[in-house]
Structure formats: C-alpha cells, structure tokens
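So the structure is just underneath, and the comments pick up after that.
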Amino acid sequence: MSETVATARGVPKEIKELDRAVIRFAGDSGDGMQLTGEQFTTESAVAGNDIATLPNFPAEIRAPAGTLFGVSSFQLQFGSQRVYTPGDRLDCLIAMNPAALKVHLRDLKPGGILIVNTAAYDKRNLDKAGYPSNPLDDASLGERYRLHKVDMSALTHEAIKDLPLNTKEKDRTKNFFALGLVSWIYTRPLEPTLDWISKKFAKAKDIAEANVRVLKAGHAFGETAEIFGEHYTVDAADMPPGLYRAMTGNRALAWGLLAAAQRSNVPVVYGAYPITPASSILEELAMHKRFRIRTIQAEDEIAAVTAAIGASFGGAIGVTGSSGPGIALKSEGIGLAVTAELPIVIFDIQRGGPSTGLPTKTEQADLMQAMYGRNSESPCVVIAPATPGDCFYIAYEAVRIAAKYMVPVLVLSDGFLANGSEPWLIPDVNTLPPIDVQFRTESEGFFPYLRDPATLSRPWVRPGTPGLEHRIGGLEKQDVTGNISYDPENHDHMVRMRAEKVRRVAQEIPPTSINGPATGDLLVVGWGGTYGSITAAVERAQAEGKSVAQIHLRHLNPLPPDLGHILREYRKILVPEINSGQLVRVLRAEYLVDAVGFNKVRGLPLASEEIHEAITQLLESK
Amino acid sequence: MTPPGPGAAEAPRKLTKKDFESDQDVRWCPGCGDYAILSAVQKTMPDLGLPKENIVFISGIGCSSRFPYYMNTYGFHTIHGRAPAIATGLKVARPDLKVFVVTGDGDGLSIGGNHMLHVLRRNVDITILLFNNRIYGLTKGQYSPTSELGKVTKSTPMGSADRPVNPLSFALGCGATFVGRTVDRDVRHMEEMLKRAAAHKGTGFLEILQNCNVYNDLAWNVMYEKETKVKHELRLEHGKPLIFGAADDRKAVIMKGVQPTVVKASEVQESALWVHDEKSPNAAKLLADLFFPDYPVPVGTLLDIDAPIYEKTMLDQEQRAISDRGPGDIAKLLTSGDTWKIE
Numbered sequence: 004m005s006e007t008v009a010t011a012r013g014v015p016k017e018i019k020e021l022d023r024a025v026i027r028f029a030g031d032s033g034d035g036m037q038l039t040g041e042q043f044t045t046e047s048a049v050a051g052n053d054i055a056t057l058p059n060f061p062a063e064i065r066a067p068a069g070t071l072f073g074v075s076s077f078q079l080q081f082g083s084q085r086v087y088t089p090g091d092r093l094d095c096l097i098a099m100n101p102a103a104l105k106v107h108l109r110d111l112k113p114g115g116i117l118i119v120n121t122a123a124y125d126k127r128n129l130d131k132a133g134y135p136s137n138p139l140d141d142a143s144l145g146e147r148y149r150l151h152k153v154d155m156s157a158l159t160h161e162a163i164k165d166l167p168l169n170t171k172e173k174d175r176t177k178n179f180f181a182l183g184l185v186s187w188i189y190t191r192p193l194e195p196t197l198d199w200i201s202k203k204f205a206k207a208k209d210i211a212e213a214n215v216r217v218l219k220a221g222h223a224f225g226e227t228a229e230i231f232g233e234h235y236t237v238d239a240a241d242m243p244p245g246l247y248r249a250m251t252g253n254r255a256l257a258w259g260l261l262a263a264a265q266r267s268n269v270p271v272v273y274g275a276y277p278i279t280p281a282s283s284i285l286e287e288l289a290m291h292k293r294f295r296i297r298t299i300q301a302e303d304e305i306a307a308v309t310a311a312i313g314a315s316f317g318g319a320i321g322v323t324g325s326s327g328p329g330i331a332l333k334s335e336g337i338g339l340a341v342t343a344e345l346p347i348v349i350f351d352i353q354r355g356g357p358s359t360g361l362p363t364k365t366e367q368a369d370l371m372q373a374m375y376g377r378n379s380e381s382p383c384v385v386i387a388p389a390t391p392g393d394c395f396y397i398a399y400e401a402v403r404i405a406a407k408y409m410v411p412v413l414v415l416s417d418g419f420l421a422n423g424s425e426p427w428l429i430p431d432v433n434t435l436p437p438i439d440v441q442f443r444t445e446s447e448g449f450f451p452y453l454r455d456p457a458t459l460s461r462p463w464v465r466p467g468t469p470g471l472e473h474r475i476g477g478l479e480k481q482d483v484t485g486n487i488s489y490d491p492e493n494h495d496h497m498v499r500m501r502a503e504k505v506r507r508v509a510q511e512i513p514p515t516s517i518n519g520p521a522t523g524d525l526l527v528v529g530w531g532g533t534y535g536s537i538t539a540a541v542e543r544a545q546a547e548g549k550s551v552a553q554i555h556l557r558h559l560n561p562l563p564p565d566l567g568h569i570l571r572e573y574r575k576i577l578v579p580e581i582n583s584g585q586l587v588r589v590l591r592a593e594y595l596v597d598a599v600g601f602n603k604v605r606g607l608p609l610a611s612e613e614i615h616e617a618i619t620q621l622l623e624s625k
Numbered sequence: 002m003t004p005p006g007p008g009a010a011e012a013p014r015k016l017t018k019k020d021f022e023s024d025q026d027v028r029w030c031p032g033c034g035d036y037a038i039l040s041a042v043q044k045t046m047p048d049l050g051l052p053k054e055n056i057v058f059i060s061g062i063g064c065s066s067r068f069p070y071y072m073n074t075y076g077f078h079t080i081h082g083r084a085p086a087i088a089t090g091l092k093v094a095r096p097d098l099k100v101f102v103v104t105g106d107g108d109g110l111s112i113g114g115n116h117m118l119h120v121l122r123r124n125v126d127i128t129i130l131l132f133n134n135r136i137y138g139l140t141k142g143q144y145s146p147t148s149e150l151g152k153v154t155k156s157t158p159m160g161s162a163d164r165p166v167n168p169l170s171f172a173l174g175c176g177a178t179f180v181g182r183t184v185d186r187d188v189r190h191m192e193e194m195l196k197r198a199a200a201h202k203g204t205g206f207l208e209i210l211q212n213c214n215v216y217n218d219l220a221w222n223v224m225y226e227k228e229t230k231v232k233h234e235l236r237l238e239h240g241k242p243l244i245f246g247a248a249d250d251r252k253a254v255i256m257k258g259v260q261p262t263v264v265k266a267s268e269v270q271e272s273a274l275w276v277h278d279e280k281s282p283n284a285a286k287l288l289a290d291l292f293f294p295d296y297p298v299p300v301g302t303l304l305d306i307d308a309p310i311y312e313k314t315m316l317d318q319e320q321r322a323i324s325d326r327g328p329g330d331i332a333k334l335l336t337s338g339d340t341w342k343i344e
C-alpha cells in the first residue's frame, strides 16, 4: 500500500507502509549515538510500535575519536506486529564516520538505506578507519545500497549559525540532525524529543534552541531534499491495551525491588561495588530513598554481599548486584547466607568473560557459576528474566522467594537485558503476589533452626526482639537448635536439608507455558535474555509448518516440576545459549535426554536467523 | 519478659554479668588471654544500660571470632575478615542496635584489612575489639601482620620478611574517631577502656594486647612482668602530661623538634611537658608509634573525637527525602515520566 502526500514544497513524496524496520545509529563514542537511539525509541513507542533495542558501546569511556574500537551504536527494531529482538540485518544504517561504516556495513541488507555524514569522511578519519581511499567515492557502494551522502555538519552549523555557541557546542548537536532525518524517513512524531529537549536543557536555553532547530532541520531536509524519493510508516502494533512505558532491564530490576520493599513493608539494603553492566541498578536505587531503599557503595564486592547479609540478619531485605567477576568474589559470602539461612538476593548482570573479558558485551556463561560456583554443597535458588520488562517481576519474585524460604536467590540477567528496552505494560501493583514477611517474636519453643514444615525455612528474628537472643554463623550447626555441631550424621542431614529447602521452591513455579504443540518433532529450550531471538526463530519455523515448540525457563534451580515430562514429548531438543553449553548440560544430567546445544559466544545476542537455521538443520538430521 | 503491672511502669531489672553468659562451653585453650577479655566484656555489658536484646556481637574467623557464641546476646560468627562489612550492613538496616565487632590481628588487619579501613573512615557507629596476639592461633602458629620482622614461625623458618603493621597507626591513618589500647592482663584498665570505647558515638577502635600462650606466649611480656610494666607503661589521661616510670625514676615524653623524646621528668620544665589531648589527631598519630624498647608503651585513649556517622547521615537523607516529597509510592512511580496508552 502506498499513498502520496504533498510536502512543504509541493513535491509529493511517496509513503510506504512497512511491517517492521531495523535501524542502527553508529558513530564515534562522542557522537551521541546512544541518546539518538533512545530518543528514536521513544518516538517509536509513542507511535504505538512494539520495539526491541540493542545498545552497543565500547568499554573505553572516551575511546580515541575516529577509531574502529571507539565506535558506539544503537540498534532497534520496531514493528506493527510483535517484535522479539532488535533484529539481525539492518534496513537502515546511519554511519556518522568512516569507522562506523567499516564496523557496521556488513550488517546492512543489500538495498538497505545507508546515510553518512560526509563531513566526517576526511583523510584523518579514513586513515584511522583503515580506508586507503574514500569508500563514498566507490560507485559500487551506491549500487549495492541506497546511499545518501549528507553533509550533516555543514547543515547543522548553518541552522544555528546565529546562536551564541562555540563551534564545538554547535557540532555536538549534529546527532539531532540525524535523528530528525531518520524520524522523517520513518514518519516518527518529533514531539517526544522536543519535550525531552525542553526538559533536559531547561536551564540552557541556547542549547535547547540549537537542538530543536537542528532536529527540525534534519526533518525538513528529508522532506525537501530531492534525494529521498520515499519514506515509510510502520503502523501501531496490536498490543494488549493499557498504559505503557519504555523499560530497560536494570531499571526494571531496581523498580522490582522498590515494589517488593513497599509490598513487604521491609526496607531494602542494596550493597554494590560499581561494575559494568550492573552499576545503573545502584544509581537507580540511590534516587529512590523515599522507598526506604538504603544503598551502600561498598569498598569491594565482598563487602557488598556481606553488607547485604548483615542487613538481612537485621531484618531488612539484603540485596547485592554485580557482574560475573564480582559474583566470583562474592562466592564465599553467598555460602555464608546459604548456611546461615538468611534471605538475600544477588543480581548477576552477565557479561563476556572469563576474567575482565568483554565488560560492555552480553553473555550467558554464568549459569554454572550461579548453580555450582561455591565451595562445598551450597545450593541457591537461581532465576532468570526473559525480557527487560520481565526483570521487574523477577526482582520482585526473588525477594518473595528469599524471604519465604530463607535462602539466597541468584538472578541471572545480562548486558543485553540490562541496557535493552521494550515497551512495557505497566502492571497494577495490587495484582502482584503478597510478600508476607513474618518475623518471629514468640520466645516459647524458639530455636534458631526450627523449621516450617512446608517450606523448611527457619524463623527470621530481628535482633532487638526480647527473649530470642541467639547466635548463628558459618560453622556447621545442629538442626533445630543451631548449636555448633561436628557430628558426621548431622552434617549429612544438614547438607540434604539445605538442598531440599531449595528443591521445595519448585512449589512456587507455575506450569510451564509451551509456545507451540504439546508434542512434536522439536522442542527449543531457552533461558534468560535469548527469549526474543528464540521466539522469533521458532515462530518463523512454525509458520513454515514445522512441528516445533518452545519453552523458556525462568526458574533454573530448582527446575520446573513439569519439565521432565515436557522434554519427553518431543523427538529432539535444541538448547540455544550464549555460552558453550551450560543449560544443555544440566538438562542432560537431570533428565537423561539427548538435548543438543546451539552455542555462539560473541558478546552479542543470538541472531534469530541462525537459531532458525539450527532448528531446520536439527529437524533434517537423522 | 514479664509484662509490667497495671498502672506502674516497672523499672527494668539491672542486668548482671551472668545475664550475658551464654549456655555454650567456652572452647579456647586453657590459659588463653581471651578468657579474661570475655569476662571483662560480660562484666561491663550491664553498664551500657541497654536491654541485652539490643546488643549484637559480630565476628569473622579466628580464635577471637568465637566470641559471639559465648555472649548471651544476638550474635553472628561470619567469614574471615568480613565482620566490619557485615556490621556496616546491619547498622544501615538497624541503626537502633548496639553492635560490637570482635576481631584479631589476622582477621582485622590481613584478610579483612580493606573492610577495617572503610568501616573506620565511614565512622559507622560500632565498637571494634581487636585482639592482637601477633600470631595466627587457629591455624596453628603462622606469623601475623603484627608479628615483628624476622619472626620465626612454621611458615617462616628463617624469619618473616615483612614488616609489621601497627594497629593504632593504621586506625588513625584510616580516620578513626576513637582509638584506644588496653591489655588482657590488666582487668581494671580493660573494663574501663571497654566502657569508653562502647560509649563512643562512631567507630570505637580498641586494640587489646592479648596473650596466645600456645603459639606466641608472652609476646607482650613487657606489659605483663610487674617490674617492666611499671617501667614502661604510659597511661594516657586527657589533660595529664606524658609521664611514666617507677616512682624513683619518673620519665616524660616530650617533643624535641618533630621527634618525641624520652627525658627525665625532673629535668623538664612544666611548660615543656607534652599534655595529652584526646581531641588531637596529630598528637594521637605520634603517640601511636611509641613502643618498647625505645619508648614507653602507651595504653588508654589516644583519640576521641566526633565526626559524622555513616548510617545516621544516610538515615537523615532518607528522612529528608520522605519529608520533602512524601513516602515512595510504586504505583505512582510506574506511571511517572513518559508513558503512552494503547486502547
């Protein structure tokens, strides 16, 4: 379908309707690509599209300008149907400098839109990007892609030449030219960005004015320049009705804790040491002191987890958050919470490893660490969110389980979920399950390790409660009395007790929802941040008539009680993961099933295209 | 607890030492200095004037760290070196509690040195009792971070190669607001110092020279032998000059230039005496370095000053946030900022 509208100059330009589009803003770290992408996301959200985003930036804070490793990008897919991933191949690439072109061009579909800022394609930047000659002069680029060479820098300066800003300040607004232009190409409303500018620069009128003018200049350029023959709309997606907001994974984790603090009426103490990509949880929580959230920026990862344990001993909800390297340092502390049977929540925002690895890139390789990464038999509950918005519910659920069972709960998020955002249907907080924290106050018959028959949890006692003075610690203790015990049979009993307590959490897990037939040729099993990629691949295979179903595990320890039964309903099992095969190993060990892994560990989300290919191959194999 | 009778608020019974003794068998080696410390702590507890349920003892790992099991209060025997961090989390959650950290020279200054640094600089309102016996006892006799250079132990058969840390200098360097020292065999002084450290608002750091009679017997002998104690002990008292020694041989510590110097007391003019000032961090740093044999051994309160308390500042911020904008409401937060409706 297409229609024509009259432009300001009376030249009609065609509008084509699209189901979905994948675009990526790429430029130097200092070019403001993250901000540009976020604003485009907000515009698309307001347009009613479903969205998934993928910010991708270097670990270096101010990487040398113009270099390949200094390139920062922001990708999003928006659509009129459900969007599960930020997309594999690009429909449109905005390359603000040669390095961005060099790094990202390979992802652009043939015939895709390529917009470059010609001003940045000078000798110096070309050298830095390793181009012996200017690729924009190569005719083949224009043949392969719909290339638009725009001197954004000159057009930006022209639009604001009379404003009292210096050259550097003026130049810094050119990302808004790109945003205005792309907003025109995809018929996005500018109002959300105009609002944002007026709020953000309320105290810097000239900068606000400059950004507004440049944004509008970009938009007008698309509308009037002869080079853009057509533009596009993407209709609002058919999404469940209600009030929405954009939500990133880390903010959702933080807000889930706020909700848990309010519903349980127990303060939360969050101990953390700054680490990428978890730091924004600490920063977010620190803004919400009104919720009785107390944040400790600890001296190290060990202090962060032990402060959480101390808080929990005091009757607060102790929470800590980090990424893989920090979780490794916290291991002994988590073990203490296991044996002291105190409720703490540990967020692991997984990133590429081992060691420092790829701090700003995503990975799913901490599953084994979460399950088994402590000395001796130290079982913890392990849960994982599937999408950025799901992080809200997972954080809330983590607190609920920790308090109910007096256990540490590990939450495995990842860098992709942490920074990625999606339109999120705002829940009615009253529909969240209650978190009913009962502190013991009755001294009659009290023992520190007296157990609730249903949950096996021991009583949570706030110091300050008269008559219940007691001592706990890291030494093995006698069940019920909590007295130090070196008795061999008691130790064996306590090892089993701690494991059984975690197993009992299975009674909290709802029936596993199956996307597809209840029995068939192939079941794809995923967990964590790969939900979108797997869903898109599975639904494509289903549309092709293949007998494929999907389940996505939010509970990894204990596993859902119905999982063993479900696995046996399919001839083959595929487990895509961003690691070298961790869940697949657990499934094979637990259920003696011939599950097969699909594994890529590149620091990037799995592409749904490659999962689809793996599905096809596995179905075709004998 | 018995509920108070109608109409009259019954005065709480004064607690005794016995109230603070737990039912657990004490398992330190016979003759260990820890027994005297435990007894002194239990004895001074009633003087805090607090209900015992409001008192918490936190420890890490080591001989000293068994302490909480023997106190009939709330207690948490945690992991090696981490007691200050656990206590910090506890105080942030529960500023109303009186929290003691019991640690040793290895637990507090080696594996937990970082946490010790940060709890002191933050000035968390807790009392730290550091039992310094200059040896690793629980692991059976390796040298510790306070062992003297050249210390021959099982792990250093030809003598240790690392220079010792001075707990008092360390604490002062970290910005501690109360720093004191006492000796396990001087029960009266120890009780007095325990009360002072516990009464301090902010982190009270008390080094207790303690004897490990199995692996490092008489490491502090200079303070144990009656004769040497009289000669070398320097009792610090606020407003009093630094004078020490036997009655017939009184000596004074005075400043010559920037150097503390020991002189005969009779030869010093009153105006040249160094008068102890607990409020002076600079003087405390000089005092902390004095030790036998070149100098006397200072005991008592080196420093006692006021500074902002970590958890109090945090709670004040929370209260301010609530009074400025009201308590948090998650439903309001979720719908704040940019939202859009889908029909």
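Note that the protein sequences, when read in sequence, are chains L and X. Under this note's numbering, the first residue of the first sequence is numbered 4, with each subsequent residue one higher. Under this note's numbering, the first residue of the second sequence is numbered 2, with each subsequent residue one higher. Beta carbons: idealized from backbone N, C-alpha and C, even for Gly.
Can you confirm whether Glu335/L, when its beta carbon is compared against all beta carbons of chain X, has any partner nearer than 8 Å?
Stepping through the first sequence from its first residue, residue 335/L is reached at position 332. For Glu335/L, a Cβ of chain X is located within less than 8 Å of the residue's own Cβ.
Thinking just about the alpha-carbon of each residue, which of Gln80/L, Leu79/L, Pro61/L, Gly82/L is nearest to the one in Phe72/L?
Locating residue 72/L in the first sequence gives position 69, where the first residue counts as 1. When only C-alpha atoms are compared, the closest one is Pro61/L.
Inside the segment 383-464 of chain L only - alpha helix (DSSP H) runs reaching at least 4 residues
Every alpha helix (DSSP H) of 4 residues or more that sits fully in the segment 383-464 of chain L is shown, in chain order, as 393-408, 418-422.
Between His473/L and chain X, is any beta-carbon pair separated by less than 8 Å?
For the purposes of this step, residue 473/L is taken as the residue at position 470 of the first sequence. By this cut-off, His473/L is an interface position.
Quick check on the DSSP output: what are the complete alpha helix (DSSP H) runs of length 4 or more inside the segment 252-313 of chain L, in order along the chain?
List check, alpha helix (DSSP H) in window: 252-267, 282-289.
Can you find a C-beta in chain X that's less than 8 Å from the C-beta of Ile312/L?
Here residue 312/L refers to the residue found at position 309 of the first sequence. At least one chain X Cβ lies under 8 Å of Ile312/L.
In chain order, what residues of the same chain have a beta carbon less than 7 Å from the beta carbon of Gly205/X, not counting five sequence neighbours either side?
If you number the second sequence from 1, residue 205/X lands on position 204. So the qualifying residues of the chain are Thr128, Ile129, Phe179, Ala198, Ala199.
Test: Val432/L CB closer than 8 Å to a CB of chain X
Here residue 432/L refers to the residue found at position 429 of the first sequence. Yes - at least one Cβ of chain X is within 8 Å of the one on Val432/L.
Amino acids of chain L, ordered along the chain, whose beta-carbon sits closer than 7 Å to that of Val381/X:
Past the edges of chain X, shown from 2 to 344, lies residue 381/X, and the structure says nothing about it.
If you reduce the DSSP assignment to three classes, tell me which class Ser156/L lands in.
Counted from its first residue, the first sequence places residue 156/L at position 153. Under the three-state reduction of DSSP output, Ser156/L falls in the helix class.
I'd like to know if His494/L contacts chain X, where contact means its C-beta is closer than 8 Å to some C-beta of that chain.
Here residue 494/L refers to the residue found at position 491 when the first sequence is read from its first residue. Interface residue (Cβ-Cβ distance to chain X less than 8 Å): His494/L is not classified as such.
Euclidean distance between Cα positions of Gly301/X and Thr17/X:
Numbered from its first residue, the second sequence carries residue 301/X at position 300. Numbered from its first residue, the second sequence carries residue 17/X at position 16. When rounded, the distance between both Cα atoms is 25 Å.
What does Ala1/X touch in chain L if you count any residue whose Cβ is under 7 Å from its own?
Past the edges of chain X, shown from 2 to 344, lies residue 1/X, and the structure says nothing about it.
Does DSSP classify Asn59/L as helix, strand or coil?
Counted from its first residue, the first sequence places residue 59/L at position 56. DSSP places Asn59/L in strand when its eight states are reduced to three.
For Thr121/L and Lys105/L, the rounded distance between their alpha carbons
Within the first sequence, residue 105/L is the residue found at index 102, counting from 1. Within the first sequence, residue 121/L is the residue found at index 118, counting from 1. Roughly 14 Å between the two C-alpha positions.
Could you run through the segment 192-209 of chain X and flag, in chain order, every residue whose CB is less than 8 Å away from some CB of chain L?
Residues of the segment 192-209 of chain X that bring their beta carbon within less than 8 Å of a beta carbon in chain L are absent altogether.
Excluding the 5 residues flanking Gly61/X on each side, which residues of the same chain have their C-beta closer than 7 Å to its C-beta?
The sequence position of residue 61/X within the second sequence is 60, counting from 1. Hits under 7 Å: Thr79, Ile80, His81, Gly82, Arg83, Ala84, Thr104, Asp108, Gly113.
Please determine if the segment 438-449 of chain L and the segment 415-423 of chain L are in contact, where contact requires at least 3 C-beta pairs separated by less than 8 Å.
They do not touch, by the three-pair rule.
Can you tell me which of the three DSSP states Val153/X falls into?
If you number the second sequence from 1, residue 153/X lands on position 152. Looking at Val153/X - three-state DSSP - the assignment turns out to be coil, as it is neither helix nor strand.
Name, going along the chain, the residues of the segment 273-286 of chain L whose beta-carbon falls closer than 7 Å to a beta-carbon of chain X.
Result list: Gly274.
According to DSSP, what are the bridge partners of Ser75/L?
As a first step, residue 75/L is located in the first sequence; it is residue number 72 there, counting from the start. Answer is Gly30/L.
With three or more C-beta pairs closer than 8 Å as the rule, is the segment 115-135 of chain L touching the segment 275-282 of chain L?
The segment 275-282 of chain L, when compared against the segment 115-135 of chain L, does not touch it at the 8 Å Cβ threshold.
Residue range of the unbroken alpha helix (DSSP H) whose run includes Val527/L
Indexing the first sequence from 1 puts residue 527/L at position 524. Run containing Val527/L: none in the alpha helix (DSSP H); it sits in the beta strand (DSSP E), 523-530.
Measuring CB to CB, does Glu192/X end up less than 8 Å from Ala41/X?
Within the second sequence, the letter at position 191 stands for residue 192/X. Within the second sequence, the letter at position 40 stands for residue 41/X. Yes, they are a contact pair.
If Asp185/X and Ile38/X are in contact, beta carbons under 8 Å, what's the gap, nearest whole angstrom?
Here residue 185/X refers to the residue found at position 184 of the second sequence. Here residue 38/X refers to the residue found at position 37 of the second sequence. About 6 Å; that satisfies the 8 Å criterion.
Could you check which residue in Gln84/L, Gly35/L, Leu108/L has the C-alpha nearest to that of Leu93/L?
Numbered from 1 along the first sequence, position 90 holds the residue referred to as residue 93/L. Nearest Cα to Leu93/L within the set Gln84/L, Gly35/L, Leu108/L: Leu108/L.
Within 8 Å, do at least three Cβ pairs link the segment 346-356 of chain L to the segment 324-332 of chain L?
These segments touch.
Using 10 angstroms around the beta-carbon of Glu234/X, count the other beta-carbons present and answer buried if the total reaches 16, otherwise exposed.
For the purposes of this step, residue 234/X is identified with residue 233 of the second sequence, where counting begins at 1. With 16 or more other Cβ atoms within 10 Å, it is buried.
Note the first and the last residue of the continuous alpha helix (DSSP H) segment covering Gln372/L.
Here residue 372/L refers to the residue found at position 369 when the first sequence is read from its first residue. Counting along the chain, the alpha helix (DSSP H) containing Gln372/L begins and ends at 370-375.
Which residues in the same chain have their Cβ closer than 8 Å to the Cβ of Ile429/L, if we skip the five residues on either side of it in sequence?
Locating residue 429/L in the first sequence gives position 426, where the first residue counts as 1. So the qualifying residues of the chain are Gly245, Leu246, Tyr247, Arg248.
Inter-residue Cα distance where the pair is Ser381/L and Thr342/L:
Sequence index remark: in the first sequence, residue 381/L carries index 378 (1-based). Sequence index remark: in the first sequence, residue 342/L carries index 339 (1-based). Straight-line Cα distance between these residues: approximately 8 Å.
On the criterion of 16 or more Cβ atoms from any shown chain inside 10 Å, does Thr538/L qualify as buried, or is it exposed?
As a working note, residue 538/L is residue 535 in the first sequence. Buried, since its Cβ has 16 or more Cβ neighbours within 10 Å.
Which whole-angstrom value is the C-beta distance of Leu659/L and Leu577/L, which I expect to be below 8 Å?
Here chain L comprises residues numbered 4 to 625, so residue 659/L is not present and cannot be evaluated.
With a threshold of 7 Å on Cβ separation, who are the neighbours of Asp238/L within its own chain once the five nearest residues in sequence on each side are excluded?
Taking the first residue of the first sequence as 1, we reach residue 238/L at position 235. Excluding sequence positions up to five before and after Asp238/L, its CB lies within less than 7 Å of the CB of Glu20, Ser83, all in the same chain and listed in chain order.
Paired residues, beta bridge with Val353/L - DSSP:
The residue labelled residue 353/L in the question sits at position 350 within the first sequence. Reading the sequence as shown, one finds Gln at residue 353/L and not Val. Its beta-bridge partners are Asp417/L.
What are the start and end residues of the alpha helix (DSSP H) that includes Leu184/L?
To locate residue 184/L, count along the first sequence from 1; it is residue 181. Note, Leu184/L: alpha helix (DSSP H), 177-188.
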